[in-house]
Amino acid sequence: MTFRRFLSSYVPPKVRAIVFEKYGKPTDVLRAHTHELPLLTPTTLHIRFLASPINPADINQIEGVYPARPTFTKELGILSDGEHKELAVGGNEGLAEVIAVGNQIKDLNIGDWVVIGRSGFGTWRTHAAATPNDVIHINKEGIGLIQAATLTVNPCTAYRMLKDFVSLNEGDFVIQCGANSGVGQSVIQIAKAWNINTINIVRNRPDVEDLKARLKSLGATHIITDEELRSHKTKDLIKEWTGGNNIKLGLNCVGGEVAQEMSKYLGNSGHHVTYGAMSRKPFSIPASLLIFKDIKFSGYWMSRWYKTHSKEERGEMLSEIIRLVKQGKLGNVAYEEVLWGSQNENDESLKNKFLSALDKASAGFHEKKQILKMQS
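Using full-length UniProt numbering, the first residue of the sequence shown is number 1, and each one after it goes up by one.
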C-alpha cells in the first residue's frame, strides 16, 4: 500500500492501555486493556509512547470533575469480557516517538519525538494512532526523555503565568503557595532564569527543612511555611525581603486560608492568579484588597490556552522552554519511573502496577511525580 511510510520491519504492535468506560473513583473504574492499533491511513501517523506522567488533573478527569473531557470511542476494540463498549484512555501528557507516517504528512518523519498538544488524547498507553494536529514535534537534541515527557503541563503553566498577567522585570517579586508542586518548582526555576525573586509557601511537615533545601537548590529566593505565613512577624519579614517594593504577582494552587493570606501581601494593582485548588476549600476576598489596592483576581487553565492558540504558538512556547532546559536552567522535578506496558505482562498485572503508581501520585506528602516509562 503506497500511502504508508514506515520501517521495512514495521508490524503494527498490540496496544497496552489504561482505560475507563465511565467516570468514577479511579481504583473502581480503571482497567488495563490490550487492543489492535488502527490501520495507518494517508493522513495519520502511528506513535510509540516513551514516557507518560500521572498528573492531578488526570485523576480529576477520571472522576468526572475536570472540564476537559476525554474521547470515548468503540475503536479500542472488545474488552476481555467480550463486551464492545465506548472507552477512553487516561492521561493527558506524554512523549512519543513516530513509528509510521501516512504519505500525505510532510512535516513528520519516523524517529521524530512528539509531545501531545491537546487535552483528552489519552497518554497512558504504549502506542496510538494520531493526526499531525494531535502532536507537536520537538527537537530531541540536548533534552532528556523525562524532561521532554513533562514539558507540556507544569513548565508551560509556570511560563505562561509569569508572562501573561503582569509585566515582570529583573528584581521583581512573585509570591506563590504550593511551591513544592510541579508547577511551583517550574515557577522557581524559570523565575530564577529571568532574575525574578520568589517567595515560596509550603505546607509544614516533618521533613520541611529538607524540602526547603531542595527548593533552595532550584533557585527559590525565600521559603516559609503556611504556619509562618499566618505569623504577625511575617509582614515585617517580607517587607525586609522586598525592600518595601510591591509584590506584583501571586500564584495560588491551594485555595483556602493560605490563598487568602497570600493575597494580603500583594502590592497595589497586583495580580492574584489561581490555577489549582488542592485543598478543595474556597477562599474569601477582603473588600479592602479590591477597593484600596485594586488587586486583580484571575483564574488560569493551561488547557484553555492550548485551545485558543495556534499550533505554531504552542511550538514557539515549547521551543523557549526547551531552550531553558538545554541551558541547564530548568531541570526535572523529583520523579519515580514506573516500568510499564511490557508485552509479556497480562492485563491484571499491568493494572495493579498502574494502581500502585496512582496511589503514590495521590498521596499528600509524596514528592515524586510518577512517570510511566513504556516497555513496549
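Backbone N, C-alpha and C define an ideal beta-carbon position, used for all residues, glycine too.
Shown here for residue 115: same chain residues with a beta carbon closer than 8 Å to its own, the five before and five after excluded, namely 93, 94, 95, 96, 135, 136, 138, 148, 149, 151, 152, 318 in chain order. Taking residue 100 as reference, the option from 162, 372, 11 with the minimal CA-CA separation is 11. In the three-state scheme derived from DSSP, where H, G and I count as helix and E and B as strand, residue 253 is classed as coil. For the region 114-197, the continuous alpha helix (DSSP H) assignments of 4+ residues that do not extend past its boundaries occur at 145-149, 154-164, 182-193, in sequence order.
In the structure shown, residue 213 falls within a helical segment according to DSSP collapsed to helix, strand and coil.
In the three-state reduction of the DSSP assignment, residue 315 falls in the helix class, which pools H, G and I. The DSSP assignment places complete alpha helix (DSSP H) segments of no fewer than 4 residues inside the region 51-76 at 56-63, in order along the chain.
Taking C-alpha positions only, residue 194 is separated from residue 320 by approximately 12 Å. Bridge pairing for residue 16: 34 [DSSP]. Residue range 347-362 is occupied by the alpha helix (DSSP H) that includes residue 354.
If you draw a straight line from the Cα of residue 126 to the Cα of residue 46, it is about 11 Å long.
Per the coordinates, the alpha-carbon of residue 314 lies some 17 Å from the alpha-carbon of residue 325. Residue 55 and residue 281 have their alpha carbons spaced roughly 20 Å apart. The beta carbon of residue 128 sits closer than 6 Å to the beta carbons of 47 from its chain, once the five residues preceding and following it are set aside; these are given in chain order. Cβ neighbours of residue 208 within its own chain (closer than 8 Å, five residues either side excluded): 202, 225. Taking C-beta atoms as the reference points, residue 58 and residue 102 fail to come closer than 8 Å. Here DSSP, grouped into helix, strand and coil, assigns residue 262 to helix.
Scanning 60, 117, 89, 345 for the CA closest to the CA of residue 311 turns up 117. The beta-carbon distance between residue 229 and residue 278, rounded to whole angstroms, is 16 Å. This is too long to meet the 8 Å contact definition. Residue pairing by DSSP places residue 374 opposite 340 in a beta bridge. Secondary structure note for residue 100: its beta strand (DSSP E) is the uninterrupted segment 95-102. Straight through space, the alpha carbons of residue 176 and residue 221 are spaced by roughly 12 Å. Taking residue 75 as the centre and dropping the five residues before and after it, the same chain places the C-beta of 38 closer than 8 Å to its C-beta, in chain order. Pairing residue 170 with residue 159, the inter-Cα distance amounts to about 15 Å. In the structure shown, residue 273 adopts extended strand secondary structure according to DSSP, grouped into three states.
Cβ neighbours of residue 287 within its own chain (closer than 7 Å, five residues either side excluded): none.
About 6 Å separates the Cβ atoms of residue 72 and residue 87, confirming a contact at the 8 Å cut-off.
Counting the other Cβ atoms within 10 Å of the Cβ of residue 24 gives fewer than 16, which makes it exposed. About 10 Å separates the CB atoms of residue 105 and residue 41; that is not less than 8 Å, and the two are not in contact. When the Cα atoms are used, residue 32 and residue 232 turn out to be separated by approximately 52 Å. The residues 161, 165, 251, 298, 300, in chain order, have a CB closer than 6 Å to that of residue 273 in the same chain once the five nearest residues on each side in sequence are set aside. Remark: C-beta atoms of residue 179 and residue 238 do not approach each other more closely than 8 Å.
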